[in-house]
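J.: Residue numbers (the working numbering), protein chains in the order written: chain A, 1 to 450; chain B, 451 to 660.
Ideal Cβ placement from N, Cα and C applies to all residues, glycine included.
These figures come from a predicted structure and were not determined experimentally.
One structure, pasted below without further comment.
In structure tokens form, the structure reads like this:
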């Protein structure tokens, strides 16, 4: 009998994830039927290439190439971001066309746009989305605010779940206002007084919130039904799904959507110990979030968008004190469970390269935006696969020749001996199709290892 | 004593700075003098940011201390602050984009370097830039944008300024996450800046050339 998960080493767990990734399942849990023997062969070749690049044990046959779009497939197919957020079939078709036309080594899935009507049903305040606060042609964008006030750290630290359900949810979803009245369920341990705890569920504001929740749930399910088959269909055509799930760095969790940039930065001065305590409290939750998604999807890659630790955002000292310790704990926690953390460093990360290289080899994949890739290769690139750096401005307004020249230089700078994946630097919206094609084509020719 | 507030603010000593402000107000000192010291402190903060000694959290915190200090002083102000400004800049994040962190940093640096920044906020329609530029006679317009979608909004805004007959009256600078010389050419702006210090250098160059 195969070894139990708990008895496996991190290496064995990672191998187990890869072996599941190599044999994708259909929704019923049976082995997926590939469209043709060629599709099956292509799937395995692509995944082997990615595996070799990430693990750094063998040089791949060539540099893998994976464009990672934001709303780009919508524009490419002639739809607005609003259309693909409200018409789930259009979303599916646009993302499918993007994969089949550009033939990447892996694909990002089509869940990115999300269900517009769902956000509407709950009166989502945390983001503006096309047609709701921003133009139908724009991507969704975050509305930063202090969704947790400076004096609420103890509430978050004492009981994060209760804080999220009773305080945070009503603030970010207008329709969940009633959840402010929800009981703390520790009062249900004996028959005495148990019914008191359920009184809130009889109150109209709470019932209204539940009604909105049921409606939103039905919409989310409808959306899932429309987009869920995407990864399977793409796999059957030979394109591995790339991501298994996502998680965040505790500093960004608090700085992006809980306290906001201003809030977290003031806390660094006014209540640094509380901030650190809260980040420590969130760390195991962030690890679990990534591990659970990886296990559910049978793939190891956990996407981690990096925001407030970029060059310029924090000093070296601030980065080492506030950002890196819990970030590293999340990375190691994921690695120990066999996952491959995929931090995406938006902006520049030049000043962080010496710090982040303190990691076990072949266990992480990094995407860089404007970071100097030759320097990245010499530092973090010695222990981890690196990717990215194709500039958005070049993809948007450059020529295919310029893109090809840039890609060749990237391959020269960053791909020696393996450990590099060609990709864009930042998630992109409107770019020229011929430029994306140039990026893919030149990698497939010039990126072959001899 | 006067040097204390300048240094306390520059060194981000919140309690100390506010205590000095209160003490000086209690001693019936001229409120404008206190504000002038605060301004000098902020100038040092700006310089330290330009020298990579300070980073964004330090800017945010200094702004917060200044705000508190100003609130203490305000009730005692009898005449409005008058400081000579280098020039006006109409500034905002372009249509379709609601990112403000980068914009705010640039506005902060322009302000502490002596410019009057007319901040139009985020998701700013082209017409609003035009109206404000006309109304204030500002010789500089700054367009900020984080998303790749802003490339087109910037281009549209520059074209609208042209169509409004203002193009030879204003210099236009652009900046933001993915902005480069390629994008400057694409949008028709006069210059782009990689960071807040570049924006200050450009603005100074332009007002001196004027």
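Looking only at C-alpha atoms, which of A:359, A:416, A:208 sits nearest to residue 449 of chain A?
T.: Considering only alpha carbons, the answer is A:416.
J.: Here's the rule: buried if 16 or more other CB atoms are within 10 angstroms of the residue's CB, otherwise exposed. What is residue 55 of chain A?
T.: With a threshold of 16 other beta carbon atoms within 10 Å, residue 55 of chain A meets it and is buried.
J.: Could you work out which residue in A:291, A:381, A:368, A:352 is closest to residue 305 of chain A when comparing CA atoms only?
T.: A:368
J.: At 9 Å on the CB atoms, spell out the chain A contacts of residue 664 of chain B, in chain order.
T.: Given that chain B is displayed from residue 451 to residue 660, the structure contains no residue 664 of chain B and the question cannot be resolved.
J.: Considering only residues of the stretch 295–362 of chain A, which uninterrupted beta strand (DSSP E) runs meet the minimum length of 3 residues and lie entirely inside it, listed in chain order?
T.: 301–306, 340–345
J.: Residue 137 of chain A versus chain B: which residues are under 9 Å apart at the beta carbon?
T.: 546, 599, 602
J.: Pull up the CB-CB distance for residue 421 of chain A and residue 66 of chain A, whole angstroms please, since I reckon it's below 8 Å.
T.: The distance from the Cβ of residue 421 of chain A to that of residue 66 of chain A is about 6 Å, consistent with a contact at the 8 Å cut-off.
J.: Taking just the CA atoms, how far does residue 392 of chain A sit from residue 630 of chain B?
T.: 10 Å
J.: Could you tell me which chain B residues have their CB closer than 7 Å to the CB of residue 134 of chain A, listed as they occur along the chain?
T.: Those within 7 Å of residue 134 of chain A in chain B are 546, 548, 573.
J.: Quick one: is residue 444 of chain B buried, meaning 16 or more other Cβ sit within 10 Å of its Cβ, or exposed?
T.: This structure gives no information on residue 444 of chain B, because the portion of chain B shown stretches from 451 to 660.
J.: How would you write the range of the alpha helix (DSSP H) that residue 19 of chain A sits in, first residue to last?
T.: 10–22
J.: Around the Cβ of residue 445 of chain A, are there at least 16 other Cβ atoms within 10 angstroms (buried) or fewer (exposed)?
T.: exposed
J.: At a Cβ cut of 7 Å, what residues of the stretch 313–329 of chain A count as close to chain B, listed as they run along the chain?
T.: 313, 314, 315, 318
J.: At what residue ranges does the stretch 534–593 of chain B contain a whole run of the beta strand (DSSP E), taking only runs of 3 or more?
T.: 537–543, 565–569
J.: What number of angstroms, rounded off, separates the C-alpha of residue 73 of chain A from the C-alpha of residue 599 of chain B?
T.: 14 Å
J.: Whether or not the stretch 566–576 of chain B and the stretch 487–507 of chain B are in contact is what I'm after, with contact meaning three or more pairs of Cβ atoms, one per stretch, closer than 8 Å; do they touch?
T.: no
J.: What is the C-beta distance between residue 252 of chain A and residue 211 of chain A, in whole angstroms, given that I count them as a contact (C-beta under 8 Å)?
T.: About 33 Å separates the two Cβ atoms, so there is no contact after all.
J.: Can you tell me whether residue 481 of chain B is buried or exposed, with buried defined as 16 or more other CB within 10 angstroms of its CB?
T.: buried
J.: Assuming residue 106 of chain A is part of the beta strand (DSSP E), what are its boundary residues?
T.: For residue 106 of chain A, no beta strand (DSSP E) encloses it, and the DSSP letter there is neither H nor E.
J.: Measure the alpha-carbon distance for residue 396 of chain A versus residue 36 of chain A and round it to whole angstroms.
T.: 35 Å
J.: With distance defined between alpha-carbon atoms, name the residue in A:21, A:351, A:96 nearest to residue 46 of chain A.
T.: Of the listed residues, the one whose Cα sits closest to residue 46 of chain A is A:21.
J.: Take residue 646 of chain B and list the residues in its own chain whose beta-carbon comes closer than 7 Å to its own, dropping the five residues that flank it on each side.
T.: 555, 556, 559
J.: With 16 other CB atoms within 10 Å as the buried threshold, where does residue 216 of chain A fall?
T.: Its Cβ being crowded by 16 or more others within 10 Å, residue 216 of chain A is buried.
J.: Is there a Cβ from chain B that is less than 9 Å from the Cβ of residue 422 of chain A?
T.: no
J.: Smallest Cα separation from residue 287 of chain A: which of A:49, A:265, A:158, A:246?
T.: A:246
J.: Residues of chain A with a CB under 7 Å from the CB of residue 506 of chain B: which are they?
T.: Going along chain A in sequence order, the residues near residue 506 of chain B (Cβ under 7 Å) are 265, 312, 313.
J.: Hey, residue 621 of chain B and residue 648 of chain B: beta-carbon distance below 9 Å or not?
T.: no
J.: So, for residue 146 of chain A: in the same chain, excluding its five sequence neighbours on each side, which residues have a beta-carbon less than 7 Å away from its beta-carbon?
T.: The beta carbon of residue 146 of chain A sits closer than 7 Å to the beta carbons of 259, 260, 263 from its chain, once the five residues preceding and following it are set aside; these are given in chain order.
J.: Compare the Cα-Cα distances from residue 478 of chain B to each of B:607, B:577, B:525 and report the closest residue.
T.: When only C-alpha atoms are compared, the closest one is B:525.
J.: Could you round the C-beta distance between residue 580 of chain B and residue 611 of chain B to whole angstroms and report it? I think they count as a contact, below 8 Å.
T.: 6 Å
J.: So which residues on chain A does residue 514 of chain B lean against when the C-beta distance must stay under 7 Å?
T.: Result: 266.
J.: So, is residue 346 of chain A buried or exposed, given that buried needs 16 or more other C-beta atoms within 10 angstroms?
T.: buried
J.: One question on the structure: do residue 148 of chain A and residue 167 of chain A come within less than 9 Å of each other, judged by their Cβ atoms?
T.: In contact: residue 148 of chain A and residue 167 of chain A (Cβ atoms closer than 9 Å).
J.: With H, G and I counted as helix, E and B as strand and the rest as coil, what does DSSP make of residue 365 of chain A?
T.: strand
J.: For a cutoff of 9 Å on Cβ pairs, would you count residue 510 of chain B as touching chain A?
T.: yes
J.: Where does residue 452 of chain B sit, in a helix, a strand or coil, going by DSSP?
T.: Here residue 452 of chain B scores only 49 on pLDDT, less than 50, and its place in the model is too uncertain to base an answer on.
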